[in-house]
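Taking it in order: structure first as structure tokens, then the write-up.
In this note's numbering, the protein residues as written are 65 to 688.
Structural data, given as structure tokens:
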């Protein structure tokens, strides 16, 4: 019967095992005694495999463990926080409170390859801002203790230079998170990372390793402030924003809007305004070094010294015949190609952006935005302005106006704010997932005085206030929208699994394991709400965090209907259903039916009959 029942997986995907399975499928000859024979794989790859000895790369203490951290599955889950949500039933935005390493693992099942753009502004490792002290042996337990949700001192830590592994600690934090983040990007997805002077050089190296240096797109230099600091030799007025793609050949990168003032129609060309662009290229020799004759003056023009024309003679002659080559306003200058505005617009072309972001707001602008929203200064330190994030959103998601955007160092919630603001401006329906650690605010801070005990509380409140402000101030602009502007979000919190049998893993000591076996008389935590159980099941089955769920009464049983009846779930272990009740549920013919194992209360005959009913109706039966 086991082959007729599927079991909900206990943890997030185990990518270490999946990678081994893929290798075994592709190269069965390298498998020996159930393990990968690395020497045999190297022999098979031949010259494509790197040999032993020294090689280029970035190495630091703890790197191996950091890599494994990304590959280790988690049994943690997310629980709905309706109280702190806005428009739960209709929104497609998500705000998650929790350690982003565990959250990124949880997101892998559904969101793998689904994110169009990721923007993060991680700790810059200045010696004051490092708070993610990962415990790979018990990550969810360490998180709950660190945030004061279970026994422990609930303290967070900073990464000071006196700690001895200043750069290594920071790299160990960032590496697994970036590795998991890459998995979530679409093939045409793009990553933007803001970073300061302290770690930019090392950050480039780990991003090159994770994404491949061939997927490096470039970097922006953002002017973060205009004032000069006299406390060091050079005033650092800028931050870096590194740009990487999942697969560069698939990336569509939209630049700045075309400047129509650059285009003139000095010769009354019927094709409209145009601008001249150079025809020479840095590839001397061959058949691209030749004279171009002005058809009016008969003067010959050669490319500049050391260069050549970008096109061959036949193409040049055709362009001249079609009046697509201009010889200056007077008709006597060197030839240039006419680039027509109308043709560029029809192709969706844009202006290539400069690497210098000088007009995308400053940190002060970001602070002023927070002050205006909260009616109070210094609620959050050094926020990015929405103008900067909107600029990056245009570059990274302009062609897909319903793109999914992720920020797993959400801070004050600037990215979510910028997504809503840009949607209001251009009619888009971009969606945003924000993840923020419940890092305590300083006891003496203005945020604490205002009642915000954690950064994640500020995140949610900022998004809530920003949405209300946009609706109030942009009402006229929103009138013509085809769909209502989404300014809501579903709030979730990171918690340990609700299912008792999934608490145990290889790291659990003997005493704890004994306690767990004692608790396994019931499969779920008695304190867990049905909605929390359902959320965990949905996540582990690959459903989204914004899935539509309805409560149904079917034959006097409380049943969850997911995605308009695609899946039905009965998750009450305290009320044993009758066969007739189960028949009524299965007769609705969902694609999948999920039921708690303990709902059968040891009745194997009931379970067997349910299997047969599901077989008759073509319903996939899952237990948890």
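Cβ atoms here follow ideal geometry from the backbone N, Cα and C, with glycine treated the same way. Since we're looking at a predicted model, the values are computed, not measured.
Check this for me: beta carbons of residue 169 and residue 140, under 9 Å apart or not?
Position 105 of the chain shown, counted from the first residue, corresponds to residue 169. Position 76 of the chain shown, counted from the first residue, corresponds to residue 140. Yes, the pair counts as a contact, with Cβ atoms nearer than the cut-off.
DSSP state of residue 422, grouped into three classes?
Locating residue 422 in the chain shown gives position 358, where the first residue counts as 1. Three-state DSSP puts residue 422 in coil, outside helix and strand.
Measure the beta-carbon distance from residue 393 to residue 330 and round it to whole angstroms, keeping in mind my assumption that it falls under 8 Å.
In the chain shown, residue 393 corresponds to position 329, counting from 1. In the chain shown, residue 330 corresponds to position 266, counting from 1. The Cβ separation is near 6 Å, so the contact holds.
Report the option in 186, 497, 402, 623 whose CA atom is closest to the CA atom of residue 484.
For this step, residue 484 is matched to residue 420 along the chain shown. Here the closest residue by C-alpha is 497.
So residue 524 and residue 159 are supposed to be a Cβ contact under 8 Å. How far apart are they, rounded?
Working through the chain shown from its first residue, we reach residue 524 at position 460. Working through the chain shown from its first residue, we reach residue 159 at position 95. That belief holds up - the Cβ atoms of residue 524 and residue 159 are roughly 6 Å apart, short of 8 Å.
CB-CB under 8 Å to residue 316, same chain, minus the five flanking residues each way: which ones, in chain order?
For this step, residue 316 is matched to residue 252 along the chain shown. Result list for residue 316: 252, 463, in chain order.
For residue 543, which of 556, 488, 671, 640 has the nearest alpha-carbon?
The sequence position of residue 543 within the chain shown is 479, counting from 1. Selected option, being the one with the closest Cα: 488.
Is the separation between the beta-carbon of residue 626 and that of residue 632 shorter than 9 Å?
For the purposes of this step, residue 626 is identified with residue 562 of the chain shown, where counting begins at 1. For the purposes of this step, residue 632 is identified with residue 568 of the chain shown, where counting begins at 1. The answer is yes: Cβ separation under 9 Å.
Which of the three DSSP states is assigned to residue 507 in this structure?
Here residue 507 refers to the residue found at position 443 when the chain shown is read from its first residue. It is coil, neither helix nor strand.
Kindly list the residues whose CB is nearer than 8 Å to the CB of residue 434, restricted to its own chain and excluding five residues on each side of it in sequence; keep chain order.
For the purposes of this step, residue 434 is identified with residue 370 of the chain shown, where counting begins at 1. Here the set comprises 443, 444, 447, 476, 526.
Considering only residues of the same chain and omitting the five flanking positions on each side of residue 278, which have a CB-CB separation below 8 Å?
Taking the chain shown and counting its residues from 1, the one referred to as residue 278 is at position 214. Excluding positions up to five away in sequence, the list reads 312.
So, residue 503 versus residue 479, is the Cβ gap smaller than 9 Å?
As a first step, residue 503 must be located in the chain shown, where it is residue number 439. As a first step, residue 479 must be located in the chain shown, where it is residue number 415. Not closer than 9 Å, so no.
At 3 residues or longer, what runs of the beta strand (DSSP E) sit wholly inside the segment 235-290?
Correct list: 249-259, 280-287.
So who's on the other strand from residue 543, going by DSSP bridges?
Along the chain shown, read from residue 1 onward, the residue named residue 543 stands at position 479. None, per the DSSP bridge assignment.
Rounded to whole angstroms, how far is the Cβ of residue 675 from the Cβ of residue 685, which I believe are closer than 8 Å?
Locating residue 675 in the chain shown gives position 611, where the first residue counts as 1. Locating residue 685 in the chain shown gives position 621, where the first residue counts as 1. Contact holds; Cβ gap of about 6 Å.
Which term fits residue 680, buried or exposed, when burial requires 16 or more other beta carbons within 10 angstroms of its beta carbon?
Position 616 of the chain shown, counted from the first residue, corresponds to residue 680. So residue 680 counts as exposed.
So, helix, strand or coil for residue 152, using DSSP?
Position 88 of the chain shown, counted from the first residue, corresponds to residue 152. If DSSP states are grouped into helix, strand and coil, residue 152 belongs with coil.
May I ask you to report which of helix, strand or coil DSSP gives residue 593?
As a working mapping, residue 593 is identified with position 529 in the chain shown. The answer is coil: DSSP assigns residue 593 none of H, G, I, E or B.
In chain order, what residues of the same chain have a beta carbon less than 8 Å from the beta carbon of residue 630, not counting five sequence neighbours either side?
Residue mapping note: residue 630 aligns to position 566 of the chain shown, counting from 1. Answer for residue 630: 654, 655, 656, listed in chain order.
Which residues does DSSP list as the beta-bridge partners of residue 338?
Here residue 338 corresponds to residue number 274 of the chain shown, with the count starting at 1. According to DSSP, residue 338 bridges with 328, 404.
Could you give the distance in angstroms between the alpha-carbon of residue 699 and the alpha-carbon of residue 416?
This structure gives no information on residue 699, because the portion of the chain shown stretches from 65 to 688.
If you count every other CB in all the chains shown that lies within 10 Å of the CB of residue 188, and 16 or more means buried, which is it?
Residue mapping note: residue 188 aligns to position 124 of the chain shown, counting from 1. Residue 188 comes out buried.
Have a look at the DSSP bridge pairing and note the partners of residue 500.
Working through the chain shown from its first residue, we reach residue 500 at position 436. Residue 500 pairs with 161.
From residue 552 to residue 347, what distance separates their C-alpha atoms?
As a position in the chain shown, residue 552 is number 488, starting the count at 1. As a position in the chain shown, residue 347 is number 283, starting the count at 1. Cα to Cα, the separation comes out at about 54 Å.
How is the alpha helix (DSSP H) around residue 142 delimited, first residue to last?
Working through the chain shown from its first residue, we reach residue 142 at position 78. No alpha helix (DSSP H) holds residue 142; the beta strand (DSSP E) holding it covers 141-144.
Select from 482, 369, 557, 510 the residue whose C-alpha is nearest the C-alpha of residue 533.
Within the chain shown, numbered from 1, the residue matching residue 533 stands at position 469. Of 482, 369, 557, 510, the residue nearest in Cα terms is 482.
Is the separation between the beta-carbon of residue 245 and that of residue 472 shorter than 9 Å?
Position 181 of the chain shown, counted from the first residue, corresponds to residue 245. Position 408 of the chain shown, counted from the first residue, corresponds to residue 472. Against a cut-off of 9 Å, the Cβ pair of residue 472 and residue 245 comes out as a contact.
Name the DSSP bridge partner or partners of residue 634?
By one-based count along the chain shown, residue 634 stands at place 570. Note: residue 634 sits in a beta bridge opposite 659.
Output the residue ranges of the alpha helix (DSSP H) runs that lie fully inside the segment 367-405 and measure 4 residues or longer, sorted by chain position.
Qualifying alpha helix (DSSP H) stretches, in chain order: 377-385.
Taking contact to mean at least 3 C-beta pairs separated by less than 8 Å, is the segment 266-283 in contact with the segment 424-434?
No, they do not touch.
Can you list, in chain order, the residues of its chain whose CB lies under 8 Å from that of residue 537, leaving out five sequence neighbours each side?
Looking up residue 537 in the chain shown gives position 473. Hits under 8 Å: none found.
Give the DSSP-derived three-state secondary structure of residue 438 in the structure shown.
Locating residue 438 in the chain shown gives position 374, where the first residue counts as 1. Of the three classes helix, strand and coil, the one that applies to residue 438 here is helix, per DSSP.
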